[in-house]
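Heads up: the structure comes next, in structure tokens.
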Amino acid sequence: MNKKPILLITAGEPLGIGPEVTVKALQNPRVQAACRPVLIGEPESLSAAGYTPDLAPLLVIQSLQSKPKTPIPSAWGGEISFAALRLACAMAARQADCAVVTAPISKQSWAKAKVPYTGHTEFLRAHYGKTALMMFVSGPVRCGLVSEHFAIKDLHKVLTKARIVRAGEDFAQALRTLGIKKPHIALCTLNPHGGDNGRFGNEESRIIIPALNALCTRGIRAEGPYPVDSLWLAHARGNFDGILCMYHDQALLGLKLAAEEPIVHITAGLDFLRTSPTHGTAFDIAGQNKADPSSMVAAILFAARRTR
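The sequence shown lines up with residues 0 to 307 when you count with numbering that gives the first Met the number 0.
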């Protein structure tokens, strides 16, 4: 029998639903059978969520900042969630057959704690893989992002041919690791109707099509660019193995409509596997035992299967 993999699981924002979905996931029999979890987080919030030592060993993270009395973004929560991530990644980078699963963090809390990264992906790219790619998987539904957490007004600065080519190569490689030998991917347009011959922008002809041609030259089966509405429908019908979106909401909106199974967020191209659920911190229901752990369970099981 294969030895169960070690999963380093961070509980995320301690004032959000991260501790709750993490504890609920650890209580799931499928999770218990699939891995050897090591939990990293703040003990008080985890105990309030039902954590007991028999679920997983706990590596304690604490903060000297003042803890808020209500579930809100805070420097306290930001320090804890960022320290937990740093510890998990440092351990995973030194340990073979080990993966990281991260519960959601609050970007506002990180900002209040003066964390110099806007989110998980930016930190991971800076330290553990220069070409770290944000991608999502839900059964046969798969998408990758060329850009992540940027304002729409800044996209014209972010989208370059080189960035699209790098993302396309990383996405194709990630799909190959999922067992798709020769992935067939499609690229989204950026502008409405693909720019309509330049009436609504020329990024398609100036940037995206040259990047697409470069991907094809490198042996990647790539098509497009296609308007995102028709492309999501084509992908849901099985016409492509995955789609490459130009920006965040272009991916997440279609993904959450098309997915019929829990969605797993993956950071591809790192020194180790990292997965996470796709929901946020949900401060409004924190501490009320209302959070659905299905996405966290899916993230853990995906990491366990791929690590093993």
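Where is the CB? At the ideal position from N, CA and C, for every residue including glycine.
Chain-order list of residues whose beta-carbon lies under 6 angstroms from that of residue i (same chain, five-residue window excluded)
i, result
"ALA33", "LEU300, ALA303"
"ALA235", "ALA257"
"LEU84", "THR9"
"LEU54", "LEU25"
"ILE79", "PRO13, GLU41, ILE60, SER62"
"ALA82", "ILE60"
"THR188", "GLU203, PRO224, PRO226"
"ILE163", "VAL145, ALA210"
"PHE135", "CYS142, LEU254, ILE262, HIS264"
"MET295", "VAL20, ALA24, PRO276"
"PRO197", "The displayed chain sequence assigns Gly, not Pro, to residue 197. Same-chain partners within the cutoff: there are none."
Spatial neighbours of residue i in its chain, beta-carbon cut-off 7 angstroms, leaving aside the 5 residues before and after
i, result
"MET0", "Per-residue confidence for MET0 stands at a pLDDT of 48, beneath the threshold of 50, marking its modelled position as unreliable; the derived number appears in the next sentence. Answer for MET0: no residue qualifies."
"ALA114", "Contrary to the premise, residue 114 reads as Val rather than Ala in this sequence. So the list reads GLY77, PHE81, once near-sequence residues are dropped."
"VAL157", "SER146, PHE149"
"THR130", "ARG165, ASP169, GLY268"
"ALA87", "LEU7, THR9, ILE39, VAL99"
"THR159", "ILE206"
Residue i: first and last residue of the uninterrupted alpha helix (DSSP H) it sits in
i, result
"ALA210", "208-216"
"VAL373", "This structure does not reach residue 373, given that the chain is present from 0 up to 307, and the question cannot be answered."
"ARG304", "293-306"
"ARG93", "74-93"
CA nearest to the CA of residue i, picked from the options
i, options, result
"TRP231", "LEU63, ARG141, ALA91, ALA102", "ARG141"
"GLY218", "ALA89, PRO182, PRO18, ARG124", "PRO182"
"GLY15", "GLN31, ILE5, SER44, LEU6", "SER44"
"VAL2", "VAL30, PRO18, ARG35", "First, the residue type needs correcting, since residue 2 is Lys and not Val in the sequence shown. If we check each option's Cα against that of LYS2, ARG35 comes out closest."
"GLU259", "LYS160, GLY138, ASN201", "GLY138"
"ASP228", "LEU272, GLN287, HIS192, THR51", "HIS192"
"SER73", "ASN27, TYR50, GLY11", "GLY11"
"GLY49", "LEU86, GLY286, ALA297", "GLY286"
"TYR127", "LEU154, ALA161, ALA89", "ALA89"
"LEU57", "VAL22, ILE242, TRP75", "VAL22"
"TRP75", "THR69, SER108, LEU86, ALA87", "SER108"
"PRO67", "ILE206, CYS244, PHE271, LYS111", "LYS111"
"GLY200", "HIS155, CYS244, THR216, LEU214", "HIS155"
"ALA161", "LEU214, GLN64, GLN31", "LEU214"
"MET323", "ALA125, PHE271, SER105, ASP153", "Coverage of the chain is limited to positions 0 through 307, which leaves residue 323 absent and any answer about it impossible."
Close beta carbons around residue i, own chain, < 8 angstroms, minus the five adjacent residues each side
i, result
"LEU132", "GLY143, LEU144, ALA166, ASP169, PHE170, ALA173, THR266, ALA267, GLY268"
"HIS247", "LEU144, SER146, GLU147, HIS148, PHE149"
"ASP240", "ARG141, LEU174, ILE179, PRO182, HIS183, ILE184"
"ILE284", "ILE16, ALA290"
"LEU6", "CYS34, ARG35, PRO36, VAL37, CYS97, ALA98, VAL99, VAL100, ILE299, ALA302, ALA303, THR306"
"ILE208", "PRO224"
"PRO18", "ALA10, GLY11, GLY40, GLU41, SER44, LEU45, ALA47, ALA48, TYR50, ALA102"
"ALA233", "ALA185, TYR225, PHE239"
"LEU123", "CYS88, ALA131, THR266, LEU269, ARG273"
"ASN212", "none"
"GLY237", "PRO139"
Run of the beta strand (DSSP E) containing residue i, from where it starts to where it stops
i, result
"ARG35", "35-40"
"GLY223", "220-225"
"VAL59", "57-59"
"VAL136", "132-137"
"GLY143", "140-144"
"LEU7", "5-9"
Heavy atom of the ligand FMN within 8 angstroms of residue i beta-carbon
i, result
"PHE239", "Inclusion of the ligand FMN in the displayed structure is not the case, the ligand content being empty and no account of it being possible."
Using 8 angstroms as the Cβ pair cut-off and three pairs as the minimum, do the region 273-281 and the region 167-180 touch?
The region 273-281 and the region 167-180 do not touch, with fewer than 3 CB-CB distances between them shorter than 8 angstroms.
To test your reading of the DSSP string, which unbroken beta strand (DSSP E) runs of 3 or more residues are found completely within the region 147-189?
183-187
Examine the Cβ distances between the region 243-257 and the region 112-122 and report whether three or more of them are shorter than 8 angstroms.
With the cut-off at 8 angstroms, the region 243-257 and the region 112-122 do not touch.
Are at least three pairs of beta-carbons, each pair with one atom in the region 85-97 and one in the region 286-297, less than 8 angstroms apart?
no
Every unbroken alpha helix (DSSP H) within the region 95-121, with a cutoff of 4 residues, ordered by chain
106-111
Would you list, in sequence order, the uninterrupted alpha helix (DSSP H) runs of no fewer than 4 residues that lie entirely inside the region 219-295?
227-235, 247-257
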